[in-house]
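When we follow the numbering used here, the leftmost residue of the sequence shown carries the number 206, and every step to the right adds one. For glycine and all other residues, C-beta sits at the position ideal for the given N, C-alpha and C. Below you'll find the structure, written out as structure tokens, and then a few comments.
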Amino acid sequence: MHTDDYHHNAAHAQQSLRHSIQLALVLALGAAVSLGVTRFSYALLLPPMRADLAWSYTLAGGMNTSNAVGYLLGAMTFPPLFKRYGAARVLLVGAMWAFALMLATGFFTSSAPLLLQRLLAGVVSAWMFVAGGLLAAQLGARQPTHSGLLLGIYYGGVGLGIALSSLLVPAVAHGLAAYFPKQTHAWAWAWWALAVLCAVAAWLMYLRRVDIAALVLSTSTTAATATTNTASSNAVRTESIEAQSPIAYRRRDFSFALLGYACFGAGYIGYMTFIIALLREQAASTSMVTVFYTLLGVAVMASSRLWAKLLDRYKGGQALALLDFLLGCAIIIPAITPWQPALIVSGVLFGAVFLSIVASTTALVRHNWPASHWPIGISAFTIAFAIGQIVGPTLVGYIADSAGGLTQGLLLSAITLWVGALLAWQQKALLYK
206 MHTDDYHHNA AHAQQSLRHS IQLALVLALG AAVSLGVTRF SYALLLPPMR ADLAWSYTLA
266 GGMNTSNAVG YLLGAMTFPP LFKRYGAARV LLVGAMWAFA LMLATGFFTS SAPLLLQRLL
326 AGVVSAWMFV AGGLLAAQLG ARQPTHSGLL LGIYYGGVGL GIALSSLLVP AVAHGLAAYF
386 PKQTHAWAWA WWALAVLCAV AAWLMYLRRV DIAALVLSTS TTAATATTNT ASSNAVRTES
446 IEAQSPIAYR RRDFSFALLG YACFGAGYIG YMTFIIALLR EQAASTSMVT VFYTLLGVAV
506 MASSRLWAKL LDRYKGGQAL ALLDFLLGCA IIIPAITPWQ PALIVSGVLF GAVFLSIVAS
566 TTALVRHNWP ASHWPIGISA FTIAFAIGQI VGPTLVGYIA DSAGGLTQGL LLSAITLWVG
626 ALLAWQQKAL LYK
């Protein structure tokens, strides 16, 4: 009898885990659309759009600055949307909006509507990514022994979106060049192809809408996690919490880490905006660009488990410092050599590191503050990151328009990250927890 019960429970657990993995894969489509496609596919389209529309690098970078502003606005406006509609509906409707915005991009050539599109795409990206993160966190809570796997699957969706974009965009461009050599504004077809990709992902998520909606968050988890993933904690609430505590939980205690994280925001986004443009300047073939960006995406998918022990081991800013340093090393490679094997190393190293830097700041707050104060700490890091990635693209573009070109812009990005590493290294573990 006991043996039968054991086998029955084991079979039920296996079935439950399979169901959770399937649902995590569906949620990962949201991460793929929100960041991998809607945000990071722009790097692939920047070179042909710039050549066709006679953009300066400053304007090209301004497109991603607009996107970063939109992402911050989306993070700040997510809580009221979540409260009214729930995470599942925000995720699904966000996917539909992503489809519409990507589709609309192909119909404009003027800078103003394209800047607006990048802004709105940033807003939608934030809504989707935070909503999907909330749902993935709840899914992980239902499978505590496999929560790392399930969350890794979700965040790995970003890499999936990058990889799919890198396969789709060059294929569309090559096909048009072969069959319609005189096609004007050929880049528009790539945006429309990406819109179809968003539509397919939205449809697949819609098919599992009942299962997604069943991931109802508890009130406590919702409050903590939603605020954790946004920059919407206001000063009145923060001061109230701090006043109730016998210990002053001050965001300035994380000053060095916050500065290091702002440097990350400014440094990484320059690479993700202009790296394909630099490869094209260095006469990289279409196949080389495809391999480079696909491997970068694959590295993102594999990165979630790569640095887990590092984040658990260090309680201060050491993990953030090391990852900032490694990311700077990845970024400087294409600035000093066009040798293709070195460029592949750059892309793989970049993909393996950049999302883990986000996780390192979450780990830093969790190591040093009690759960009741996590929203305060992580919202501060969100703001610091947003400021950095708002400034980064336009600044790199402005430098690239000078005599130094894109290599000087990426050199600045690498130096910014190394400065961030030095600052983060000064961050000591706190004694509050």
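Of the residues Thr-621, Phe-313, Gly-522 and Ala-341, the one whose Cα lies closest to the Cα of Tyr-360 is Ala-341. A Cβ-Cβ contact shorter than 7 Å links Leu-622 with Asp-529. The alpha helix (DSSP H) runs lying completely inside the segment 476 to 529 and spanning 4 residues or more are 491 to 507 and 513 to 518, given in chain order. DSSP places His-390 outside both helix and strand once states are collapsed to three, so it counts as coil. Taking one beta carbon from each stretch, the segment 456 to 471 and the segment 581 to 596 have 3 or more pairs nearer than 8 Å; the two touch.
Excluding five sequence positions before and after Gly-337, the CB atoms of its chain that fall closer than 6 Å to its own CB belong to Leu-232, Gly-235, Ala-236 and Leu-296, given in chain order. Asp-606 sits in coil when the DSSP states are folded into three classes, being neither helix nor strand.
Annotation for Ala-619: Gly-533, Ile-536 and Ile-537 place their beta carbon closer than 6 Å to its own, counting only its chain and skipping 5 residues before and after. Between Pro-349 and the set Ser-221, Asn-272, Leu-320 and Leu-240, the nearest pair of CA atoms involves Ser-221.
A distance below 7 Å between beta-carbons, with the five flanking residues on each side excluded, links Ala-526 to the following residues of its chain, in chain order: Gly-465, Ala-626, Ala-629 and Trp-630. Looking from the CA of Arg-414, the closest CA among Gly-291, Lys-520, Ile-474 and Phe-304 belongs to Gly-291.
In the DSSP assignment, Thr-314 falls outside any alpha helix (DSSP H) and carries neither an H nor an E. Between the beta-carbon of Leu-548 and that of Val-505 there is about 17 Å, and that puts the pair past the 8 Å contact cut.
Of the candidates Ala-400, Ile-581 and Val-363, the residue whose Cα lies closest to the Cα of Leu-463 is Ile-581. Pro-375 is classed as buried because its beta carbon has at least 16 other beta carbons within 10 Å across all chains shown. With a 10 Å radius around the Cβ and a threshold of 16 neighbouring Cβ atoms, Val-238 comes out buried. Counting along the chain, Gly-291 sits inside no alpha helix (DSSP H), nor does DSSP assign it H or E at all. Shown here, Ala-404 sits in a helix according to DSSP, grouped into three states.
Sorting Gly-552, Leu-399, Asn-272 and Lys-288 by C-alpha distance to the C-alpha of Leu-308 places Leu-399 at the top. Between Gly-279 and Ala-331, the C-beta gap is smaller than 7 Å, which places the two residues in contact.
At a Cβ-Cβ threshold of 7 Å, Ala-634 and Lys-514 do not count as neighbours. Excluding five sequence positions before and after Ile-562, the CB atoms of its chain that fall closer than 8 Å to its own CB belong to Tyr-466, Phe-469, Tyr-473, Leu-525, Leu-528, Asp-529 and Leu-532, given in chain order. For Val-570 against Ile-583, the beta-carbon gap comes to about 5 Å, under 8 Å, which counts as contact. Residue state for Trp-544 is assigned as coil, using DSSP reduced to three classes.
A residue is called buried once 16 or more other Cβ atoms fall within 10 Å of its Cβ, and Thr-389, having fewer, is exposed. In the three-state scheme derived from DSSP, where H, G and I count as helix and E and B as strand, Phe-245 is classed as coil.
With fewer than 16 other beta carbons inside 10 angstroms of its own, Ser-492 counts as exposed. The residue among Ala-407, Val-405, His-379 and Ala-406 with its C-alpha nearest the C-alpha of Trp-394 is His-379. Glu-486 and Thr-499 have their C-alpha atoms some 19 Å from each other. For the options Ser-551, Val-494, Trp-396 and Pro-285, the alpha carbon positioned closest to that of Thr-310 is the one of Trp-396. Per DSSP, Val-415 is one residue of the alpha helix (DSSP H) stretching across 414 to 418. In the displayed model, Ala-634 falls within coil according to three-state DSSP, outside both helix and strand. Counting only residues of its own chain and dropping the five nearest sequence neighbours on each side, Trp-392 has a CB closer than 7 Å to the CB of Leu-250, Pro-253, Met-254 and Asp-257. Scanning its chain for C-beta atoms nearer than 6 Å, with the 5 sequence neighbours on each side dropped, one finds around Phe-313 the residues Leu-319, in chain order.
The beta carbons of Ser-225 and Leu-344 sit closer together than 7 Å.
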